[in-house]
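One rule links them: number in our numbering = place in the sequence shown (from 1) + 188. Every residue, glycine too, gets a C-beta built ideally from N, C-alpha and C. These notes are about the structure you will find just below.
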Amino acid sequence: MKKIIIQEKVINFLFNSFRENRISHAYIFLGPEGVGKSFTAKYFAQILNCTNKENPPCFECSNCIKIENDNHPDVHWIRPEEGSQGIKIETIRELQEKISLKPYEAKFKVFIIEKADSLLEDASNCLLKTLEEPPGESVLILLAEEIEKFLPTIVSRCQIVRFSLLKKKMIENFLRENYSLDEEKISFYSKFAEGSLGRAISFVESDFLEKRNFILEKILEKKEFDNDLWWKEKEVFLEILNILSGIFRDALFKKLSLDELILNIDQRDLISQIAFSHSLEELYNFIEKINFYYNLIQQNVNLRLIFTNLEMDLDYRKDKKC
Numbered sequence: 189m190k191k192i193i194i195q196e197k198v199i200n201f202l203f204n205s206f207r208e209n210r211i212s213h214a215y216i217f218l219g220p221e222g223v224g225k226s227f228t229a230k231y232f233a234q235i236l237n238c239t240n241k242e243n244p245p246c247f248e249c250s251n252c253i254k255i256e257n258d259n260h261p262d263v264h265w266i267r268p269e270e271g272s273q274g275i276k277i278e279t280i281r282e283l284q285e286k287i288s289l290k291p292y293e294a295k296f297k298v299f300i301i302e303k304a305d306s307l308l309e310d311a312s313n314c315l316l317k318t319l320e321e322p323p324g325e326s327v328l329i330l331l332a333e334e335i336e337k338f339l340p341t342i343v344s345r346c347q348i349v350r351f352s353l354l355k356k357k358m359i360e361n362f363l364r365e366n367y368s369l370d371e372e373k374i375s376f377y378s379k380f381a382e383g384s385l386g387r388a389i390s391f392v393e394s395d396f397l398e399k400r401n402f403i404l405e406k407i408l409e410k411k412e413f414d415n416d417l418w419w420k421e422k423e424v425f426l427e428i429l430n431i432l433s434g435i436f437r438d439a440l441f442k443k444l445s446l447d448e449l450i451l452n453i454d455q456r457d458l459i460s461q462i463a464f465s466h467s468l469e470e471l472y473n474f475i476e477k478i479n480f481y482y483n484l485i486q487q488n489v490n491l492r493l494i495f496t497n498l499e500m501d502l503d504y505r506k507d508k509k510c
């Protein structure tokens, strides 16, 4: 995948900090999911440890290549365990053991904590001790979406670096450089991603557009509710609800003459049909119902029961041709 700098202001700030020897021992990279926090953390690790001191990163030295390939002994990625509600204290204790050691090959040991705002309480207190007495050769980078979830004492000991949503043009350029897509799909994915490159990549690699079109045809147009696929798998059902919610939300925007906010730009005929066949109240109510069903699924309520109710809600709209 080609490297495209997607957070230029942030990169420039970090590069200047390196140049001026103002490197903090800990950072919080704060911003929505999919806007380049992980990419930038890796890029910063390369800046810190590149052997080309004149113009780092060079992407050619041993340190740059190993960091790029996620196999550098001095760059560590810390993530919540699969199925866990957050980062546990045992994970932070392992970090503390590693951070106490001298770097093996690089100048700096870099610890990148993904979803750092999911730190459990005891893990947060444990991390705080590390932040209070940080080793000089180590840099911690905490990736997060919600600053409020951190202990104030952790926030006060970190430099906050804010990441903004990406412009549609930036996402379009990335997709054009890295994927064989026609311009219609590039336009759709970059708009639908709502400023998140990570979302755009996920949509492309999961063939989201084809899945969405299939679901819209089967459920909204043909009213085929007898497919077991719809309700047997939790993740599939959640995806269906997200797609339906997006269509009805776009219909609401159409009703309010806010066409510039419509995301499903290739489904304007369907969206217009739904918008002109329903009142604002009906559109609001159905979006609320979808959100209600979504929350029920998260609480592990019986999927078949939820789908039956959804089927009745959609079946009611047969007379309204949506």
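Three-state class that DSSP yields for residue 347 in the structure shown: Judged by DSSP in its simplified three-state form, residue 347 adopts strand.
Exposed unless 16 or more other CB atoms sit within 10 angstroms - verdict on residue 317: Answer is exposed; the Cβ neighbour count stays below 16.
Of the residues 212, 213, 297, 273, the one placed nearest residue 234, counting alpha carbons only: Comparing Cα positions, the closest option is 297.
field: C-alpha gap between residue 405 and residue 314, whole angstroms
entry: Approximately 52 Å between the Cα atoms of the pair.
query: Would you call the CB atoms of residue 174 and residue 438 closer than 8 Å?
result: Residue 174 is absent from the structure shown; the chain starts at 189 and stops at 510.
- prompt: Quick one: what's got a C-beta closer than 6 Å to residue 310's C-beta in the same chain, skipping five residues either side?
  reply: Around residue 310: 277.
message: If distances are taken between C-alpha atoms only, which option among 292, 407, 365, 270 comes closest to residue 389?
response: Answer by Cα proximity: 365.
message: Between 354, 392, 384, which has its C-alpha nearest residue 369's C-alpha?
response: It is 392 whose Cα lies nearest to the Cα of residue 369.
task: Take every Cβ of the segment 370-383, pair it with every Cβ of the segment 252-268, and state whether three or more of those distances are shorter than 8 Å.
output: The segment 370-383 is not in contact with the segment 252-268.
- request: Look at the alpha carbon of residue 295 and the alpha carbon of residue 257, and state the distance between them as a whole number of angstroms.
  value: So the two alpha carbons sit approximately 18 Å from each other.
- prompt: At which residues does the alpha helix (DSSP H) containing residue 304 begin and terminate?
  reply: Segment: none, residue 304 is in no alpha helix (DSSP H) and carries neither H nor E.
field: Among 444, 197, 208, the one whose alpha carbon lies nearest that of residue 468
entry: Closest by alpha carbon: 444.
query: How far does the beta strand (DSSP E) with residue 217 in it reach, from first residue to last?
result: Counted as a single uninterrupted DSSP element, the beta strand (DSSP E) harbouring residue 217 occupies residues 214-218.
query: Near residue 292, which residues of its chain fall below 7 Å by C-beta distance, leaving aside the five closest residues on each side in sequence?
result: If we look at residue 292 and ignore the five residues flanking it on each side, its Cβ neighbours are 261, 262.
Cβ pair residue 246, residue 240 closer than 8 Å: Yes, they are a contact pair.
task: Out of 205, 381, 481, point me to the one whose CA is closest to residue 244's CA.
output: Of the candidates 205, 381, 481, the residue whose Cα lies closest to the Cα of residue 244 is 205.
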